[in-house]
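Novice: Right, I'll just put the structure down here and ask away after.
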Amino acid sequence: AMRDAQSSSQRLALAIALLLLAVVGESAGSASISRIQKHNLELLAEQLNRGWHAFCDAPVDEGVMALFDGINPSDARLHVMTITNQSIQLPIKSIPEIRDFDISPERRTLIYVNAFHTADSYFSVQEHLMLLQSTRRDLNVIVVDFATNVAQLYYTVRHHLSVHGYSIYKLLSALTDAGIKAEDITLAGHSVGANIAALGADLFAKSRKRQIAQLIAIDPATMCRTTDILVRQSVASRVVVLHGEGDAFGVRVPLGHVDIYPNGIGYFPRKKLQPGCETKICSHMYPFVLFMEALIEGVMIPATKCENWAKFRQGDCSFENTLNIGLIYPPNAKGLYFCMTQPNPPFTYMEHGLRYKTRQQEPAS
């Protein structure tokens, strides 16, 4: 009996030891996976600063990244307003429910497609967009976020561009089915978001045989392949491109009915950085901040039509043909537009920005 008791006790001790080993092993494995994921995220953040090609080719462990939440197309989010002026976050699958929120056919509609991420508080995309929603209650403002963090941005660029474009198409369809007129809809997007917005607008135009009023593409991203540049004139009645960097991040060539080049950056190859910027990623973010200043603060940022940057420097432009960065553009606006802006907010020089000035000529802000 004693031997049986000892044997039973030994078996129990062995089972406990094996269980402890399994727990320790699982814990060690979990710690190892967490370390790899931490390295993945650090690597992506580092490579993003170098440009799209470096970001797309980052040697991350996608097998480990797939173990974490937030990277699937279903993890994208909609931000809509309620009648009590509250911004509500919804999963992307809630598109059919969009009509239940404060969406009125009496107002113009702005859909902003976000597919860029930065941890920099000065350039915080999400903070600016939430402020835009709460400030512009004269519009139906809907924010679609495909990049709440750098991992989601990576999967958006590498794997989910087409499905995200289809989501924008479904959103446009849901809105028009709810009584919003296509000619009252503006799609806007910065960087990768500009390409997703363009794809959604194109799918809508081909399926519904009508176009939305306009696409505002803010420094469209070159991304992993040149075939990923989806912004073109045919996707909307008016396509406005607001350029910013034109090298490692943005597109240099004109793509829209209207192409605006603040400070000539992204047009003139030797001019590399926007005012106040020390990095290319800052120049890529700069036109987004200009657009936000125009919409949130109501600041006029005028630009003038000009044949090219050299003519703008010489003052040889069509100064009677001007426009303001924002949502509303003259019906006859077409071609290249240039302006000068400041390094710090308020970024506008107002009408003085229609004339070229060197940094030494700029007035103190």
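Numbering-wise, the sequence shown is residues -29 to -1, 1 to 336 according to mature numbering (1 follows the signal peptide of the UniProt record, and there is no 0). Note that CB positions come from ideal geometry on N, CA and C, so glycine has one too.
1. Do you know offhand how far Cys310's Cα is from Ile183's?
2. Excluding the 5 residues flanking Pro317 on each side, which residues of the same chain have their C-beta closer than 6 Å to its C-beta?
3. DSSP three-state label for Met321, please.
4. Considering only the alpha carbon of each residue, which of Gly34, Ala153, Leu110, Leu174 lies closest to Tyr140?
5. Taking the beta strand (DSSP E) that Cys277 belongs to, which residues open and close that run?
6. What is the DSSP secondary structure of Ile252, reduced to helix, strand or coil?
7. Under DSSP, the beta strand (DSSP E) around Arg79 begins and ends at which residues?
8. When the Cα of His131 is compared with those of Val121, Leu142, Phe117, which residue comes out closest?
9. Determine the contact status of Met194 and Trp23, defining contact as a CB-CB distance below 8 Å.
10. Compute the distance between the beta-carbons of Leu261 and Ile296, then report whether it is under 8 Å.
11. Considering only residues of the region 144 to 195, which uninterrupted alpha helix (DSSP H) runs meet the minimum length of 4 residues and lie entirely inside it, listed in chain order?
12. Is it true that the region 148 to 164 meets the region 71 to 78, where meeting means three or more beta-carbon pairs spaced less than 8 Å apart?
13. With a 10 Å radius around its C-beta and 16 neighbouring C-beta atoms as the bar for buried, classify His88 as buried or exposed.
14. Taking DSSP as the reference, what is the three-state secondary structure of Ile59?
15. Which of helix, strand or coil does DSSP assign to Arg6?
16. Does the beta-carbon distance from Asp32 to Asn11 come in below 8 Å?
17. What's the gap between the Cα of Met202 and the Cα of Ala169?
18. For residue 342, which residues of its own chain have a beta-carbon under 8 Å away from its beta-carbon, when the five flanking residues on both sides are left out?
19. Taking DSSP as the reference, what is the three-state secondary structure of Ser289?
20. May I ask you to report which of helix, strand or coil DSSP gives Leu49?
21. Buried or exposed for Gly164, please, with buried defined as at least 16 other CB atoms from any protein chain shown within 10 angstroms of its CB.
22. Using C-beta distances below 8 Å, list every residue in its chain close to Gln204, excluding the 5 sequence neighbours before and after it, in chain order.
23. Can you tell me which of the three DSSP states Asp199 falls into?
24. Is Tyr232 helix, strand or coil when you go by DSSP?
25. Got a sec? Which residues, its chain only, sit under 8 Å from Val(-7) by beta carbon, not counting five neighbours each side?
26. Within the region 104 to 140, note down every full beta strand (DSSP E) run reaching 3 residues or more, in order along the chain.
27. Quick one: Cα of Val112 to Cα of Ile66, how far?
28. Where do the ends of the alpha helix (DSSP H) carrying Gly34 lie?
29. In three-state terms, what does DSSP make of Phe220?
30. Excluding sequence positions up to five away, which residues of its chain have a Cβ less than 7 Å from the Cβ of Asp155?
31. Can you name, in chain order, every residue of its own chain whose Cβ lies under 8 Å from the Cβ of Ser95, other than the five neighbours on each side?
32. Alpha carbon to alpha carbon, how far is Thr275 from Phe290? Give it in angstroms, no decimals.
33. If we count the other Cβ atoms within 10 Å of its Cβ and call it buried at 16 or more, is Ala159 buried or exposed?
34. By DSSP's criteria, Arg209 is part of a beta bridge. Which residues make up the other side?
35. In three-state terms, what does DSSP make of Phe239?
36. Go ahead and pull the three-state DSSP assignment for Tyr327.
Specialist: Looking at the atomic coordinates:
1. 27 Å
2. Val270
3. helix
4. Leu174
5. Note, Cys277: premise wrong, no beta strand (DSSP E); not H, not E.
6. If DSSP states are grouped into helix, strand and coil, Ile252 belongs with the helices.
7. 79 to 86
8. Phe117
9. yes
10. yes
11. 163 to 179
12. Yes: at least three Cβ pairs fall under 8 Å.
13. buried
14. strand
15. The answer is helix: DSSP assigns Arg6 an H, G or I state.
16. yes
17. The residue asked about is misnamed: residue 202 is Val in this sequence, not Met. Going by C-alpha positions, Val202 is about 5 Å away from Ala169.
18. Nothing can be reported for residue 342, as the shown portion of the chain is limited to -29 through 336.
19. strand
20. strand
21. buried
22. Cβ within range, chain order: Val210, Leu226, Gly227, His228.
23. Helix.
24. strand
25. No answer about Val(-7) holds up, because its pLDDT of 47 lies below 50 and its placement is not dependable.
26. 110 to 116
27. Straight-line Cα distance between these residues: approximately 14 Å.
28. 33 to 36
29. Under the three-state reduction of DSSP output, Phe220 falls in the coil class, being neither helix nor strand.
30. If we look at Asp155 and ignore the five residues flanking it on each side, its Cβ neighbours are Arg79, Thr80, Ala184.
31. Thr89
32. 6 Å
33. It counts as buried.
34. DSSP, once it has assigned bridges, lists Gln185 as partnering Arg209.
35. coil
36. Residue state, collapsed to three classes: coil.
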